[in-house]
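Number of protein chains: 2
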Amino acid sequence: MIDLAINFEETNDKLICKINGDFDAYNSAEIKKQIKERMENSKAAKVVVDMSNVPYIDSAGLGAMVAILKDARHMGKEIVLLALRQNVKRIFEMTRLDKVFRIVDVLEEA
Amino acid sequence: MIDLAINFEETNDKLICKINGDFDAYNSAEIKKQIKERMENSKAAKVVVDMSNVPYIDSAGLGAMVAILKDARHMGKEIVLLALRQNVKRIFEMTRLDKVFRIVDVLEEA
Numbered sequence: 003m004i005d006l007a008i009n010f011e012e013t014n015d016k017l018i019c020k021i022n023g024d025f026d027a028y029n030s031a032e033i034k035k036q037i038k039e040r041m042e043n044s045k046a047a048k049v050v051v052d053m054s055n056v057p058y059i060d061s062a063g064l065g066a067m068v069a070i071l072k073d074a075r076h077m078g079k080e081i082v083l084l085a086l087r088q089n090v091k092r093i094f095e096m097t098r099l100d101k102v103f104r105i106v107d108v109l110e111e112a
Numbered sequence: 003m004i005d006l007a008i009n010f011e012e013t014n015d016k017l018i019c020k021i022n023g024d025f026d027a028y029n030s031a032e033i034k035k036q037i038k039e040r041m042e043n044s045k046a047a048k049v050v051v052d053m054s055n056v057p058y059i060d061s062a063g064l065g066a067m068v069a070i071l072k073d074a075r076h077m078g079k080e081i082v083l084l085a086l087r088q089n090v091k092r093i094f095e096m097t098r099l100d101k102v103f104r105i106v107d108v109l110e111e112a
């Protein structure tokens, strides 16, 4: 069992999911599952995935993020990615996922 | 309808699939479909995906490659990626897919 450390926080209109640690093949399925469950039980229309504590994302993590995006759309929710570190942002850019996701630097922009 | 230009070539023990052009969201589903069909109709145990004419791969292309790998394994075949260009190789490395795929520079190594 992986100690996942996703912190969830809910404000009036936003569900904030803060992932702590690498987002990779070892935990991507579990992260996807937890965020999906939480989205299902939340009334917030906006889901902010805080990546400020994610040092690295691999292809499995990218795949999970795309799956989370699809789940959110089915639920009529919007996904916003917050505070990507430089190298993680670069992976999103290199794979063109920066065109698919809304990415913001600070929570106020979300 | 996309003019795909995958060239297929079969030697005694290898099915060679040469992709011409970007491998991205616009054609990844079609490339996956064509390679899968061809694998199903081939007796070759080794499937070489020649990427020498692929200038770019995006996250959809990476996802399709992983799906092709899974299909191949179900059929008891091995996938080998051939002649990745520098920036495409870098995307595989950054997303750690270089640990998942066997990647070779020349056909003789495949």
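Going line by line, the protein sequences match chains C and G. Take 3 as the starting number for the first sequence in our numbering and just add one per residue. Take 3 as the starting number for the second sequence in our numbering and just add one per residue. Glycine included, C-beta positions come from ideal geometry on N, C-alpha and C.
Exposure label - residue i; buried when at least 16 CB within 10 Å
i, result
"residue 77 of chain G", "exposed"
"residue 50 of chain G", "buried"
"residue 108 of chain G", "exposed"
"residue 34 of chain C", "buried"
"residue 94 of chain C", "buried"
"residue 14 of chain C", "exposed"
"residue 112 of chain C", "buried"
"residue 62 of chain C", "buried"
Contacts that residue i makes with chain G (C-beta to C-beta distance below 7 Å)
i, result
"residue 96 of chain C", "93, 96"
Closer than 7 Å to chain D by CB, residue i
i, result
"residue 109 of chain G", "No chain D appears in the structure shown, which is made up of the protein chains C and G."
Test item: CB-CB of residue i and residue j under 7 Å
i, j, result
"residue 56 of chain C", "residue 106 of chain C", "no"
"residue 54 of chain C", "residue 85 of chain C", "yes"
"residue 7 of chain G", "residue 30 of chain G", "no"
"residue 100 of chain G", "residue 58 of chain G", "no"
"residue 104 of chain C", "residue 82 of chain C", "yes"
"residue 26 of chain C", "residue 97 of chain G", "no"
"residue 20 of chain G", "residue 9 of chain G", "yes"
"residue 37 of chain C", "residue 70 of chain C", "yes"
"residue 72 of chain G", "residue 47 of chain G", "no"
Interface residues of chain C facing residue i [CB-CB closer than 7 Å]
i, result
"residue 60 of chain G", "97, 98"
Exercise for the section: For the stretch 64-85 of chain G, enumerate the residues whose C-beta is nearer than 8 Å to any C-beta of chain C, in chain order. Expected result: From the stretch 64-85 of chain G, only 64, 65, 68 have a Cβ closer than 8 Å to chain C.
Exercise for the section: Note down, in chain order, all residues in the stretch 20-44 of chain G with a beta-carbon under 9 Å from any beta-carbon belonging to chain C. Expected result: Taking 9 Å as the cut-off between beta carbons, the residues of the stretch 20-44 of chain G near chain C are 26, 27, in sequence order.
Handout entry: Segments of 4+ residues assigned as alpha helix (DSSP H) that fall wholly inside the stretch 14-68 of chain C
Key = Positions of the alpha helix (DSSP H) runs, each at least 4 residues long and wholly inside the stretch 14-68 of chain C, are given as 30-42 in order along the chain.
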